[in-house]
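Report on one structure; see the data block that follows.
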């Protein structure tokens, strides 16, 4: 075992030892020194080589029709060896960029491990991408190879370029057939050393306000950096971890690859054509899920169903992606007897802030800085550090291992993101006397109404408590007197109609539960615009409001007031 692998395991064991002793963990944890390290070779293959650990289930996929398949660590190690040898034979070399665009299928995990073993750089891509998106990824990502599902190969017909085309489960004419990899040798020999500083992943962020940024992670920052994610969730050997997430996004790597496999837990994946809360609850029960992670949208849909039927609800439940509303947390706790533990991180990092197991969870709070993350709140106007409310930043004097290298090929954005000796998340939070941080909103989402500072998230958290509201987004709506007033865009829960009576009931509920200066004065029903990763595009709604209320006396159709 090389020294970097030894340091990795020592850090993991330290976090396990202090999994419910936050104060000691935060005070004494130190990131391991990673010089030479390859997660697939030095960890997965090492687990696979141990007869007991290698025989444990690593991946479990449940399909929408109820069929399922599973693989052990030893099986995935061998399968990825074959894929790596086959890819090498077709020209995939160390440092080459590979677009990986597959659904939740075993070939996704095999290819990711194989790419690591080869020293190739993976550009994860969602199957929702268009030809224009793919052209951007090929050009800016400088990709030489693509691995894509046969059903999506046609998307590349109009994407010209000299790149290797590999199709999984149905190869069109002119494409290499991934199935041929199964006949490649089962033993793999690396052609050189993987350094921790070598690039492993290039993520195109979803971009709620601008063109996607290209986030660069290394063989240290994402595999080893996810020690923080493992600690937040509380994962241990023997856990069956279900994470509702789509491939192509960083959260999928967080919770469907690195955090559970660092802990030698089983990654459980559930495929479905359309989300169905009862099906999810059925899988939780039937598969004996011990750890469950889902984005707020899924949690909001789950609480619309009957949660009381689970014989053994998961004891580790977490949420990430966007902050959870208190109403959701309360309903899950009432039904399952456990509290959802929120966490905060970005594509640019691993988990930065969270509520690890065994700690007091304060309603509405994301928790405290995770061990290894020196979080500081910075006044956006003055740059003063250590304020009680400000932009959530990371002190670069104690740079965490889980932070990205930077935005690839974009020195201007890098300089902006790392200005003043801190990494700027672009999110605003407030810190209480106990060190707990509460999310306020994106720096560019917070607005003023009648000179009062308004946090959209705070108002949305109140709206979601009304039984008619499934989802909501608050944006500033131009007003000649107050400059702007809060307006709610509302997605209704099942069984409720978009009538004036419903609008009035929601607005009155908000009025009764918010301070007068936070009063929601306008409301409109409809679907919320989202990025393909599911984040609400409030920038689009703000633009719409500017158009609707360009005239001071405008009364747009479909808008309700109180």
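Numbering (my numbering), first residue to last: 5 to 566.
Beta carbons: idealized from backbone N, C-alpha and C, even for Gly.
Residue 471 and residue 139 have their C-alpha atoms some 44 angstroms from each other.
In the three-state scheme derived from DSSP, where H, G and I count as helix and E and B as strand, residue 117 is classed as helix. Put simply, the backbone Cα of residue 33 is about 47 angstroms away from that of residue 530. Between the alpha carbons of residue 557 and residue 488 lies a distance of about 14 angstroms. Here residue 279 is exposed, its C-beta having fewer than 16 other C-beta atoms within 10 Å.
Counting along the chain, residue 247 sits inside no alpha helix (DSSP H); it lies in the beta strand (DSSP E) bounded by residues 244-247. Note on geometry: alpha-carbon atoms of residue 220 and residue 183 lie some 30 angstroms from one another. Beta-bridge analysis with DSSP links residue 468 to no other residue. For residue 111 and residue 549, the gap between their C-alpha atoms comes out near 45 angstroms. Straight through space, the alpha carbons of residue 474 and residue 423 are spaced by roughly 39 angstroms. Rounded to the nearest whole angstrom, the C-alpha separation of residue 440 and residue 175 is 52 angstroms. Judged by DSSP in its simplified three-state form, residue 179 adopts coil rather than helix or strand. Looking at the DSSP output, residue 227 shares a beta bridge with no other residue.
Under the rule that a run must span 3 or more residues, the beta strand (DSSP E) segments found entirely inside the segment 153-204 read 168-172.
Residue 246 and residue 457 have their alpha carbons spaced roughly 38 angstroms apart. With contacts defined as CB atoms closer than 8 angstroms, residue 444 and residue 459 qualify as a contacting pair.
One alpha carbon belongs to residue 75, the other to residue 64, and they sit about 7 angstroms apart. Looking at the DSSP output, residue 145 bridges to nothing. If you look at residue 444, you'll find it in the beta strand (DSSP E) that goes 441-446. Closest by C-alpha distance to residue 383, out of 244, 361, 426, 356, is 426. When the beta-carbon positions are compared, residue 35 and residue 405 come within less than 8 angstroms of each other. Listed as beta-bridge partners of residue 408 by DSSP are no residues whatsoever.
As computed with DSSP, residue 291 is found in no beta bridge at all.
Approximately 5 angstroms separates the beta-carbon atoms of residue 494 and residue 476; this is inside 8 angstroms, confirming the contact. Residue environment analysis places residue 108 among the buried positions, since at least 16 neighbouring C-beta atoms fall within 10 angstroms of its C-beta. Every beta strand (DSSP E) of 3 residues or more that sits fully in the segment 506-535 is shown, in chain order, as 526-529. Apart from the 5 residues on each side of it in sequence, residue 24 sits with its Cβ closer than 7 angstroms to the Cβ of 361, 362 in its chain, given in chain order. In this structure, residue 41 lies near residue 228, with their beta-carbon atoms less than 8 angstroms apart. With respect to residue 377, residue 232 sits close: the two C-beta atoms are nearer than 8 angstroms. Looking at the backbone, the Cα of residue 482 and that of residue 450 are separated by about 14 angstroms. Boundaries of the alpha helix (DSSP H) harbouring residue 303: 300-306, taken from the DSSP string. Judged by DSSP secondary structure, residue 338 falls within the alpha helix (DSSP H) whose first and last residues are 330-340.
Pairing residue 323 with residue 304, the inter-Cα distance amounts to about 11 angstroms. Note that the C-beta distance between residue 292 and residue 130 is not below 8 angstroms. Residue 373 and residue 357 do touch by the CB rule: their CB atoms are close to 6 angstroms apart, below 8 angstroms. Residue 563 sits in a strand when the DSSP states are folded into three classes.
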